[in-house]
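Written below as structure tokens is the structure these notes are about.
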Amino acid sequence: MRDVAVVAFSQRQEAMINTESEVEFMVPLMNEAKDAVGLTQQEMGFTCSGSSDFLAGQAFSFVMTIDGTGPVPPISESHVEQDGAWALYEAWVKLQCGDIDTAFVYSYGKSSPGSLRDVLATQMDPYYVAPLWPDAFAIEAMAARQMLDQGVVSEQQLAEIASRSRAHAASNPHAVRTAPKSVDEILAEDYAMAPLRPSDLPASSDGGAVIVLAADDKARELCDRPAWIRGIDHRSDAHTLGVRDLTTSMSARIAAEKAGIGNDKIDIAELHAPFSSSEAVLTKALGLGGDTVINPSGGAQAAHTMMASGLIRIGEAAQRISCGDADRAVATAASGPCLQQNLVAVLEGE
Amino acid sequence: MGKERAAVLGVGQTKYDTTYPGSMAGMLREAATNALEMSGKCWDDIDAVIMGKAPDFFEGVMMPEVYLAEALGCVGKPIMRVHTAGSVGGSTACVATSMIQSGVHETVLTIGWEKQSESNAMWALSLPQPFATSVNAGAGGYFSPIIRRYMMMTEAPELIGCMVALKDRKHALNNPYAHLHQPELTFEQVVESPMLWDPIRYSETCPSSDGACAIVLGSEKVAEAHDGPVAWIKGIAMRSESGSFAGRNMVSPAASEACADDVFAQAGIHDRRKEIDAVEMYVPFSWYEPMWLESLGFAEKGQGWKMVEEGATSIDGGDLPVNCSGGVLSSNPIGASGMIRFGEAALQVMGLAGDHQVDGAKTAVGHAYGGAAQYYAMWVVGADK
Amino acid sequence: MADEVLTAPLVLEYPFTRTTGPVIGGFLTGLREGVIHGVRRSDGTVMCPPLEYDPITSAPLSELVAVGTVGTVTTWTWNGEPRAQQPFTQPFAWAMITLDGADTPMLHAVFVDSADDMATGMRVEVVWRDKREGHIIDIAGFIPAVASTTGEPGAMPGDVEQIQSVRTSIRMEYTYTPGRALSQYLRAMKDKRILGDTCPETGEVSVPPRGVSSVAGKPTLPELVDLPDTGYIESFNITRVPIKMRPDLTPPYVSAWIVLDGASVGFMGLGMNVEPEDVRVGMRVRAVWKPDDELEMSAQNILGWEPTGEPDEVITDYARVGRIEQGDDQ
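Protein chains in written order, with numbering that gives the first Met the number 0: chain A, 0 to 349; chain B, 0 to 384; chain C, 0 to 329.
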């Protein structure tokens, strides 16, 4: 495989962005990333984006946003109705074809206009499950209970995850839930969706992110310390909850293996885990140990920007490599109920 | 590092119709199973699935690849979901091709679909928008002014669009999967069908269809081992541009021309009209055939309508048969429509197009567009490597 | 910009009609008749509810098997406040329930007084809805099983009409906000002013403003510009059939791209006070406004566009739209 690296990253996440349209808040992020590498949109070999019509409440919502890239003259471009991490994967595949050296990736989402909990119910089996409108928190809560029942995790451990997310988020200007809370304080919270407490749930946010990828020497030319994507892979589990083991993640495990996570030390992991319980699942599936700092940004729990959270995990991991804080990192992205789909990227500095 | 070669091993479709009688998963599985069967593959042979469809609002299922992954053999495997408006079926096939050209996968299933009957197109495509005023009546109301400008620019005879409509409906009679089968349809009936979005008549528009189209793609190694004809992919291209800016060429958008230039250059095609044996182009409104003939470089600017008038685009004696399958005018499951164009182009060079086979077709083009005529996807396929 | 944020409710709802095929249809037919079916998988186990494929191997499945109406809770959570869309009115528990005779659990609701009455492993039995139609909510929910209930699989009556399709509705509520540029445009509309925004590089002016210039890929200038309510028709469509979204419009009527004087690109507007046959590309038009006392923050303030009677605009390049500046050779 060709060496491809993250060479620029920009992001914005806020609890609510209601004074700017999607394209209005994405344009500055797009230009920030382009300026960082000194390339115009037309100089990018490929452009790929991710977003969701259901989230926007509008069909073809991405058509408005492409204008932000300045696609005049035309650009080579595509769009996935998935988290931007999959747009990045598509761009990475394009770079592997060998005829382009750079790619521009962005994704965005506003959850605040609707009710994400309810909107996500429309992702479920449309005949048997969606008509009951189980909200997204309820589904995860049932998975969490199964984990507790089987002794895979304890409520204490869930609270530790939630507390650490808040502590890490305190130093992340893009996180929206940054107030520290101790494990005991969290354990004292009333259940929101038993056995999950408010601090176990994601803090919903609006926002987006942009990543520029470059291959080989082009990456070295554009960035002092590129974050090389040593492996990237994505897998799906079954959708039917009744046939899945919700206490673990086969898809994340396989994707991590294929991405070459291996046994070498991983300095940091940015996991797309909206819930404390989903982080516990991913940590186990990826075999992450005590010497890895999990979610130094606070993770998707501290700011969950639907459609961009996965891409932001990759950006956060890359940024820590580029600034020299980490040499080897793993980032994940997820989609569907209870982490049905997982993408895993392994990144390294040189 | 060069690109790996990729080829089409199998194409599978459902019978396009107003309502597919089964479940969504059942519809996709029917197309996928047909494609697997032609390619001699089974679910276990597939490395990844690339799915495309237009807005989720059609079926009211958000990101339906999540629900459908397990129906398409994707447990433990990768599945992606592409959405580039009307061009999506074509873009999806391009993304799937990249999976092989990059060397990431050996065998990929790609599938485009829409089940419009679950809701209705007018609702799904024209959701209410606060503060705005809507005088548009769906896509027809949007494209009619562009067609009017083309007619003014070229001074084409008024009934060229009707000729295209009749030709595609006649072509559809030879395609068992086509939605519209109108054996009795006459030119007079097309001309006299009601004006909907003047200058677009009812008979010059596409139907609302349910359906799915799947394609199995393989690497050179997989294709070489395949016992049966394959379609070698000679080029893929995608281009996008803004739908609105001053001085935009709406009749032949720059993105359309750039997409065609790119794909034909990859395929080493110099004389497009001479070297291409069959074209499956995205013509949801009849006048788009002459418009695309010009934009894609098969005709000089302003001359595309003459090809229609001369019968050059008919399978019956034309030198550049266009939409031998009946095209979008005869079947339009939106998210699949582009994939059908790509799949039908492949079937032509595989010699498997059945009663709508162009004799001896060696090189064919699949084409799709979407949005405000701003998203484009194309591929060129050939019988020979 | 200190103005309050403009918002409007946006409700998306639709009653989807889903054709089912024989397996989902068979299950729903059973529910209507008070019988719950699973499907037999290749390893002999029974999955309930049934799918027409194995969700692990994707192999086709078709053999429906009646299962019991009593089952065991494998996991659960408490839904203290039913959400608007949920077909339940009281607080309830969500649970995964493995029915006797099935090997996989299904999702449904359990009705108990509080979370304290729920436990993994508890036995529950089906509560049927009085009136059943072949829908997942024919099962009204579950309640703790009474020891005397055996929950034996029911028997299907012979010769019943098979369910072919099911109606499932979606209703989603959003709060729409138009963004920076469009909000300014809408506020000005209330004062009978039309604002456009300007590309910082080319100077081209867009109406309605979009906040970004697609030519430059940059934010448009923060100051919006006032435009007159006159312009010309770039091209047009004559709709000759009624459309649902505008029941107030009687066909035939004209929808036209209008380019305002001083603007660079067109937008769609309604032709007024002119016969469709008399509309021309290049025709000069002016806005027809709502009466002053009916003006609101909406593009609907302009009812349509009527001819001014001035000489037509001369259009030289029919392929291209918008104001084509001199020396522009793009």
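Yeah, the Cβ is synthetic: ideal placement off N, Cα and C, and Gly gets one too. Since the structure is predicted, the reported quantities are computational estimates derived from the model, not experimental observations.
Residues bridged to residue i [DSSP beta-bridge criterion]
i: Thr97/C; result: Thr71/C
i: Tyr368/B; result: Tyr375/B
i: Trp291/B; result: Answer is none; Trp291/B lacks a bridge partner.
i: Ile232/B; result: Val380/B
i: His36/C; result: Ala65/C
i: Leu195/B; result: DSSP output for Leu195/B lists no bridge partner at all.
i: Pro218/C; result: Val211/C
Listed by chain order, chain B residues near residue i by CB distance under 9 Å
i: Gln84/C; result: Residues of chain B passing the Cβ test: none, with the nearest at roughly 12 Å.
i: Leu9/C; result: Leu126, Pro127, Gln128 and Pro129
i: Val329/A; result: Those within 9 Å of Val329/A in chain B number zero; the least Cβ separation is about 18 Å.
i: Gly335/A; result: Met62, Glu64, Val65, Tyr66 and Ala68
i: Gln299/C; result: Phe130, Ala131 and Thr132
Proximal chain B residues relative to residue i, where beta-carbon distance stays under 8 Å
i: Arg170/C; result: In chain order: nothing, as chain B lies at least about 10 Å away.
i: Val264/C; result: Ser243, Phe244, Ala245 and Arg247
i: Arg239/C; result: Pro193, Met194, Leu195, Trp196 and Asp197
i: Ile323/C; result: Ala245 and Gly246
Alpha carbon of residue i to alpha carbon of residue j, nearest angstrom
i: Val134/B; j: Pro127/B; result: 12 Å
i: Ala92/B; j: Trp85/A; result: 16 Å
i: Leu220/C; j: Phe103/A; result: 25 Å
i: Cys205/B; j: Ser329/B; result: 6 Å
i: Ile199/B; j: Phe274/A; result: 53 Å
i: Leu5/C; j: Ser182/C; result: 6 Å
i: Ala272/A; j: Lys130/C; result: 42 Å
i: Ala277/B; j: Ser255/B; result: 19 Å
i: Leu342/A; j: Arg239/C; result: 50 Å
i: Pro27/A; j: Gln188/B; result: 54 Å
i: Val182/A; j: Val125/C; result: 40 Å
i: Ser263/C; j: Thr174/C; result: 31 Å
i: Glu19/A; j: Glu58/B; result: 29 Å
i: Met0/B; j: Gly97/A; result: Low confidence applies here, because Met0/B scores a pLDDT of 47, under 50, leaving its location unreliable; read the following figure in that light. Spanning the two alpha carbons is a distance of roughly 6 Å.
i: Lys191/C; j: Leu294/C; result: 7 Å
i: Gln329/C; j: Gly369/B; result: At Gln329/C, the pLDDT of 39 sits below 50, so the modelled position is not reliable and the matter cannot be decided from this model.
i: Thr52/C; j: Pro133/A; result: Per the sequence presented here, residue 52/C reads as Tyr, with Thr not at that position. Straight-line Cα distance between these residues: approximately 23 Å.
i: Thr333/C; j: Val111/C; result: Because chain C is modelled from 0 through 329, residue 333/C falls outside the range shown and cannot be assessed.
i: Leu200/A; j: Ile160/A; result: 11 Å
i: Met271/C; j: Met282/C; result: 12 Å
C-beta atoms of residue i and residue j nearer than 9 Å
i: Lys217/C; j: Gly206/A; result: no
i: Ala332/A; j: Asp66/A; result: no
i: Thr18/B; j: Asp209/B; result: yes
i: Ala255/C; j: Val250/B; result: no
i: Gly178/C; j: Glu21/A; result: yes
i: Phe59/A; j: Ser48/A; result: no
Check: residue i C-beta below 8 Å from any heavy atom of the ligand SAM
i: Val278/C; result: What this structure holds is no ligand at all, so the ligand SAM is not there to describe.
Interface residues of chain A facing residue i [CB-CB closer than 7 Å]
i: Asp16/B; result: Within 7 Å Cβ-Cβ: nothing; Asp16/B doesn't reach chain A, min ~20 Å.
Neighbour list for residue i in chain A, Cβ cutoff strictly below 9 Å
i: Ala114/C; result: Tyr190 and Ala193
i: Asp55/B; result: Ser51, Asp52, Phe53, Ala58, Glu80 and Thr121
i: Phe46/C; result: It is Met, not Phe, that sits at residue 46/C in the sequence shown. Simply Thr239, Gly241 and Val242.
Residue i: contacting residues in chain A (beta-carbon distance under 8 Å)
i: Glu240/B; result: Pro70, Val71, Pro72, Pro73 and Ile74
Interface partners of residue i on chain C, CB under 7 Å
i: Tyr19/B; result: Thr18
i: Met141/A; result: Thr74, Trp75, Thr76, Trp93 and Met95
i: Asp66/A; result: Arg209, Val211 and Ser213
i: Gly25/B; result: Gly20 and Glu51
Partners in chain C for residue i, counting only beta-carbon separations shorter than 8 Å
i: Leu287/A; result: Within 8 Å Cβ-Cβ: nothing; Leu287/A doesn't reach chain C, min ~25 Å.
Proximal chain C residues relative to residue i, where beta-carbon distance stays under 9 Å
i: Met29/A; result: Gly216
Output needed in chain order: residues of the stretch 125 to 157 of chain B with a Cβ under 7 Å from some Cβ in chain A. From the stretch 125 to 157 of chain B, only Leu126 have a Cβ closer than 7 Å to chain A.
Under 7 Å (Cβ pairs) to chain B, residues found in the stretch 206 to 236 of chain C: Taking 7 Å as the Cβ-Cβ cut-off, the stretch 206 to 236 of chain C approaches chain B at Ser213, Val214, Ser234, Phe235 and Asn236, given in chain order.
Taking any Cβ of chain C, which residues in the stretch 245 to 257 of chain B have a Cβ under 8 Å from it, in chain order? Those residues of the stretch 245 to 257 of chain B that come within reach of chain C (Cβ to Cβ, closer than 8 Å) are Ala245, Gly246, Arg247, Asn248, Met249, Val250, Ser251 and Ala253.
For the stretch 58 to 87 of chain C, which residues have a CB atom closer than 9 Å to at least one CB atom of chain B, in sequence order? For chain B, the residues of the stretch 58 to 87 of chain C that bring a beta carbon within less than 9 Å of one of its beta carbons are Ala58 and Pro59, in chain order.
Just by C-beta distance, which residues in the stretch 76 to 97 of chain A are closer than 9 Å to chain B? The stretch 76 to 97 of chain A vs chain B, Cβ under 9 Å: Glu76, Ser77, His78, Val79, Glu80, Gln81, Trp85, Tyr88, Glu89, Trp91, Val92, Lys93, Leu94, Gln95, Cys96 and Gly97.
Contacting positions in the stretch 67 to 100 of chain B - beta carbon closer than 7 Å to chain C: Interface annotation for the stretch 67 to 100 of chain B against chain C: Glu69, Ala70, Leu71, Gly72 and Val74, criterion Cβ-Cβ distance under 7 Å.
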